[in-house]
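In the working numbering, the protein residues as written are 43 to 185.
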């Protein structure tokens with residue numbers, strides 16, 4: 043047990059964990075955003091059936107696609123995270139909520155996980171392994 047405990051401590055690297063989270067989310071969002079963009083002809087009527095016009099379809103699609111790229115690169119991660127959290131919250135409520143939680147039933151399980159993971163990146167930021175310049179999130183000269 044001591045060897046496992048020592049290994050766990052050697053693997054302690056929160057910035058690597060944030061990087062892995064960014065990569066996983068980025069890949070998923072790029073994939074789904076690009077699929078929406080490529081399938082716009084079929085997706086726009088679906089969005090309209092939910093009460094959203096084509097403009098909101100493009101906002102959601104490009105938020106996912108470009109937001110995913112930003113997450114992978116570690117650029118504007120908090121801002122991308124906010125937009126992706128909102129996008130997924132809307133998906134949970136408008137598309138999946140009435141089907142319950144279970145993904146197998148078309149429920150909100152997956153979108154909910156993506157929403158919370160995006161929100162986690164808002165809280166943590168990009169981490170050390172990113173292209174983001176480190177800027178304090180608190181105003182240091184405000185009173």
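Heads up, the beta-carbon is just placed ideally off N, CA and C, and yes, glycines get one too. Since the structure is predicted, the reported quantities are computational estimates derived from the model, not experimental observations.
### Message
Suppose the cutoff is 8 Å on Cβ atoms and the five residues either side in sequence are ignored; what does the same chain contact list for residue 49 look like?
### Response
none
### Task
Mind the definition here: the segment 96-110 touches the segment 50-64 only if three or more C-beta pairs lie below 8 Å; say whether that holds.
no
#### Entry: residue 101 versus residue 145: straight-line alpha-carbon distance, rounded
24 Å
### Query
Roughly how many angstroms separate the alpha carbons of residue 58 and residue 169, rounded to a whole number?
8 Å
### Task
Take residue 122 as the anchor and find which of 153, 163, 143 has the nearest alpha-carbon.
163
### Three-state secondary structure assigned by DSSP to residue 105
helix
### Message
Quick check on residue 149: does DSSP put it in helix, strand or coil?
### Response
coil
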